[in-house]
Amino acid sequence: MVETAADPISDPCEAVSACFAGPKKGCLSSAVRKSGYMANGKYAARKLKKDRQQRRWSDSEYARRERGLKEKSDPLEGAPQGRGIVLEKVGIEAKQPNSAIRKCVRVS
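In terms of the working numbering, the sequence shown opens at residue 118 and continues consecutively.
Structure representation (structure tokens):
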């Protein structure tokens, strides 16, 4: 007579010892242990996506980019053609024979 292994669901101790002995068909925890507790099955996309989004925040460049810290610390606030901060408005008189006051600004 051939002995059959105990049902892993009904006997958890048998399931654990079987998993430590090596991969055994029908033992779920061996697949989990082997994959490093990462889901990798047919219906695992949601968990993988959620885990990746959470781990992304440990990347300092990603966190700075998402929080907009470059624009917040930049006095020009990311303006592509900004030349500086206006300190004062200055009126410059034109040379002869023109008579005008050219409006200029002094920037930092």
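By construction, the Cβ of each residue, glycine as well, lies at the ideal position given by its N, Cα and C atoms. As the structure is a prediction and not an experimental result, all values here were calculated from the model.
{"Check": "Judging by CA-CA distance, which residue of K159, K206 and V224 is the nearest neighbour of I218?", "Outcome": "K206"}
{"Check": "If you reduce the DSSP assignment to three classes, tell me which class E194 lands in.", "Outcome": "coil"}
{"Check": "Could you pull the start and end residues of the alpha helix (DSSP H) that R184 belongs to?", "Outcome": "S177 to R184"}
{"Check": "Beta-carbon within less than 6 Å of Q213's beta-carbon, same chain only, minus the 5 sequence neighbours each way: which residues are those?", "Outcome": "none"}
{"Check": "Does R223 come out as helix, strand or coil in the three-state DSSP assignment?", "Outcome": "strand"}
{"Check": "Roughly how many angstroms lie between the CA atoms of S216 and Q198, to the nearest whole one?", "Outcome": "31 Å"}
{"Check": "On the DSSP bridge assignment, give the partners of I218 in chain order.", "Outcome": "E210"}
{"Check": "Return the chain-ordered list of same chain residues with a C-beta closer than 8 Å to the C-beta of V149, the five sequence neighbours on each side being excluded.", "Outcome": "Because the pLDDT at V149 is just 49, under 50, the model does not fix this residue reliably, and the value given afterwards should be weighed accordingly. Once the five neighbours on either side are set aside, V149 has no close Cβ partner at all."}
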